[in-house]
Every structure is written in structure tokens, then in C-alpha cells.
Amino acid sequence: MATIDPPTSVPCSACRGTGKVISRLGGTPTEIVCPWCEGGGRRLGPEHNAQAVHHGSGRGDDDPPDQAA
Numbered sequence: 001m002a003t004i005d006p007p008t009s010v011p012c013s014a015c016r017g018t019g020k021v022i023s024r025l026g027g028t029p030t031e032i033v034c035p036w037c038e039g040g041g042r043r044l045g046p047e048h049n050a051q052a053v054h055h056g057s058g059r060g061d062d063d064p065p066d067q068a069a
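Sequence positions in the sequence shown follow full-length UniProt numbering and run 1 to 69.
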């Protein structure tokens, strides 16, 4: 019977193990830390939610003001 590797031993498919991805948010390509592996290059467990890091209550006090406002 074959053993299944734990998720942390599997390279991250989103960044191909580099720990970085290109974000086009805002229209300009920017290299950012991969939210799926948090920069480690290895897949995190199934409980990890890459989108949860970016879901907050909105703009923080430390954020610069919107230029469009």
C-alpha cells in the first residue's frame, strides 16, 4: 500500500515552490509572498486558508488614503 506524503512535504503548486507569486492587483504586476505557502515553497495543511489573510475589516489606520477619494 502506498503512503501519502503529508501536505507540508509537497511543493506548493501556486508558486511552483519558489515562495513568490506575481500579483496583478491594481493592474501593475508585483512580486509578493505566496499566500498559499506563506513563502516557504511547501504546501501548508488543509486548514490553511490563503484568502483569510487578506480578509479584514477593511482599510487599517496605517494604510495610506485612497488617491481616488
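Just so it is clear, CB atoms sit at the ideal spot from N, CA and C, and this is done for glycine as well.
For Ser23, three-class secondary structure by DSSP:
Position 23 of the sequence shown, counting from 1, holds the residue named residue 23. Looking at Ser23 - three-state DSSP - the assignment turns out to be strand.
Same chain only: Cβ atoms within 7 Å of Glu38, ignoring 5 sequence neighbours per side:
Working through the sequence shown from its first residue, we reach residue 38 at position 38. Result list for Glu38: Leu44, in chain order.
Continuous beta strand (DSSP E) stretch holding Thr18: start and end:
Counting from 1 along the sequence shown, the entry for residue 18 is found at position 18. Where Thr18 is concerned, there is no enclosing beta strand (DSSP E), given that its DSSP letter is neither H nor E.
Can you grab the Cα-Cα spacing for the pair Gly17 / Glu47, in whole Å?
Within the sequence shown, the letter at position 17 stands for residue 17. Within the sequence shown, the letter at position 47 stands for residue 47. Going from the Cα of Gly17 to the Cα of Glu47 covers about 19 Å.
Beta-carbon gap between Pro29 and Ala50 smaller than 8 Å:
By 1-based counting over the sequence shown, the position of residue 29 is 29. By 1-based counting over the sequence shown, the position of residue 50 is 50. Result no, Cβ atoms of Pro29 and Ala50 do not sit closer than 8 Å.
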